[in-house]
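The block underneath contains the structure these notes are about, expressed in structure tokens.
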Amino acid sequence: MREALNQWHYVAAAYAIGMSGTLALVGWAWASMVRAEARRERSRGR
Amino acid sequence: MHGFANPARFLRIARWLTPLALASGLILTAASLGWGVLVGPADELQGETVRILYLHVPTAWLGMAGWMAIAGASLVELVWRHPLAAVAARAVAVPGATFTALCLATGSIWGRPAWGAWWVWDGRLTSMLVLLFLYFAYIALSSAAQDDGPGGSRIPAIFGLVGAVNVPIIHYSVLWWNSLHQPPSITMGQSAMAPDFLVPLLAATLGFTLIFTGVVLARMRAILADVQTDARLRRRAMSEDFA
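Take a look at the structure:
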């Protein structure tokens, strides 16, 4: 018996991984930039 | 070109370019993927799974382009000793590795309904996996070289140049060896794709490239800020020791 494949499940899985990975990368890069620049400003004021 | 190697001038430009690249990239990517998934047609042979290619192709392009950027920055660093070149190469590594991993994941998900297998050890897939391992090695090397002070980035730079050999292997693997993976559908000035598929694919590729640019700029700003903070704290500690 052939396995029934719903192609939309694969599309949804690919988009969930692709979009969450991209958004996580953007969020991490932005947050680490803001943190590093704030640390630099604090070190200037000390 | 040499003028942009000045960190102060770079930061002036990067301050407005980073949010602009990220915001425009996210909007364009969301619009083109939304169009590809919700409005675009299914393919006669691939069915609905053709929609995965709007994600897979841009991530593959950025995985390879990322390493070429590392190789280019490494060459500039080794030859002209530009102060920003090592920073740029380090900044590209994590987004390059992320998009390579996403390319492998989305390709594997596409392969299951299309080929009946999650993974095959053919030239294209294997050379792309090698690229991911090269990124991991580069990230480890450049992190270790950070502690070596000036001149410590030479080893990652040489590694970045040598690793570029893998990029043409990835590109030509589908032509050199028998492969389940299809040959290139888009070459210089030519496309075998119908406009219904080509337009959202090109728009998604541009959107992801803008996101990649924004992430690299953010990483460069973070690395520069860390370097400046550490240098300032070191100077202060030394002056307190001598006081």
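Chain order of the listed sequences is A and B. Here my numbering is used: the first residue of the first sequence is 1, the next is one more, and so on. Here my numbering is used: the first residue of the second sequence is 47, the next is one more, and so on. Note that CB positions come from ideal geometry on N, CA and C, so glycine has one too. Note that the coordinates shown come from a computational prediction; the quantities given were computed from them, not determined experimentally.
Within-7 Å CB hit, residue i to chain A
i, result
"Asp272(B)", "yes"
"Gly118(B)", "no"
"Pro104(B)", "no"
"Thr255(B)", "no"
"Met159(B)", "Just to set this straight, residue 159(B) is Pro in the shown sequence, not Met. Yes, Pro159(B) lies at the interface with chain A (some Cβ there is under 7 Å from its Cβ)."
"Gly93(B)", "yes"
"Arg267(B)", "yes"
"Ala264(B)", "yes"
"Val138(B)", "no"
"Gly101(B)", "Just to set this straight, residue 101(B) is Leu in the shown sequence, not Gly. Yes, its Cβ sits closer than 7 Å to a Cβ of chain A."
"Thr259(B)", "no"
"Ile98(B)", "yes"
"Arg278(B)", "yes"
"Thr251(B)", "no"
"Thr172(B)", "no"
Rounded separation between residue i and residue j - CA only
i, j, result
"Met1(A)", "Ile98(B)", "With a pLDDT of only 47 at Met1(A), under the threshold of 50, the placement of this residue in the model should not be trusted; the figure read from the coordinates follows. Those two C-alpha atoms are separated by around 27 Å."
"Arg42(A)", "Thr275(B)", "9 Å"
"Ala134(B)", "Ala210(B)", "16 Å"
"Trp222(B)", "Asn212(B)", "14 Å"
"Leu148(B)", "Ser120(B)", "25 Å"
"Ala76(B)", "Ala132(B)", "32 Å"
"Leu72(B)", "Leu79(B)", "10 Å"
"Ile59(B)", "Ser219(B)", "39 Å"
"Arg136(B)", "Glu90(B)", "43 Å"
"Ile116(B)", "Val166(B)", "28 Å"
"Arg44(A)", "Arg158(B)", "55 Å"
"Leu244(B)", "Val83(B)", "13 Å"
"Pro214(B)", "Trp81(B)", "32 Å"
"Arg267(B)", "Leu63(B)", "11 Å"
"Gly142(B)", "Arg278(B)", "30 Å"
"Gln7(A)", "Met174(B)", "25 Å"
Residue-chain proximity (residue i, chain B), Cβ-Cβ < 7 Å
i, result
"Ala12(A)", "no"
"Met1(A)", "With a pLDDT of 47 at Met1(A), under the threshold of 50, the modelled position of that residue is not reliable, and no figure is offered here."
Proximity to residue i [Cα-Cα], best of the options
i, options, result
"Val103(B)", "Ser285(B), Ala250(B), Arg267(B)", "Ala250(B)"
"Asn52(B)", "Pro141(B), Pro129(B), Gly260(B), Asn224(B)", "Pro129(B)"
"Pro202(B)", "Ser188(B), Val208(B), Ile215(B), Gln192(B)", "Ser188(B)"
"Leu217(B)", "Thr172(B), Gly206(B), Ile204(B), Leu263(B)", "Going by the sequence as given, residue 217(B) is His instead of Leu. Closest option to His217(B), Cα to Cα, is Thr172(B)."
"Ala163(B)", "Gly153(B), Ala69(B), Val96(B)", "Gly153(B)"
"Leu248(B)", "Gln192(B), Tyr100(B), Arg282(B)", "Tyr100(B)"
"Leu226(B)", "Trp156(B), Gly109(B), Met110(B), Arg200(B)", "Trp156(B)"
"Thr144(B)", "Ile185(B), Arg170(B), Trp126(B), Trp161(B)", "Ile185(B)"
Contact residues within the region 17-34 of chain A, judged by C-beta distance below 7 Å to chain B: Ile17, Gly18, Gly21, Thr22, Leu25, Val26, Ala29, Trp30, Ser32, Met33
Members of the region 140-156 of chain B near chain A, C-beta cut-off 7 Å: For the region 140-156 of chain B, the residues whose beta carbon sits under 7 Å from a beta carbon of chain A are, in order, Pro141, Thr144, Leu148, Ala151, Thr152, Ile155, Trp156.
Ranges of the alpha helix (DSSP H) found wholly within the region 69-150 of chain B, counting only runs of at least 4: Considered as a whole, the region 69-150 of chain B harbours 99-126 as its complete alpha helix (DSSP H) runs of no fewer than 4 residues, in chain order.
Complete runs of the alpha helix (DSSP H) confined to the region 163-200 of chain B [at least 4 residues]: 169-192
Secondary structure, alpha helix (DSSP H): runs of 4+ residues fully inside the region 205-274 of chain B: Fully enclosed alpha helix (DSSP H) runs of 4 or longer: 212-222.
Selection of the region 56-85 of chain B by Cβ proximity to chain E, strictly under 8 Å: Of the protein chains in the structure, A and B, none is chain E.
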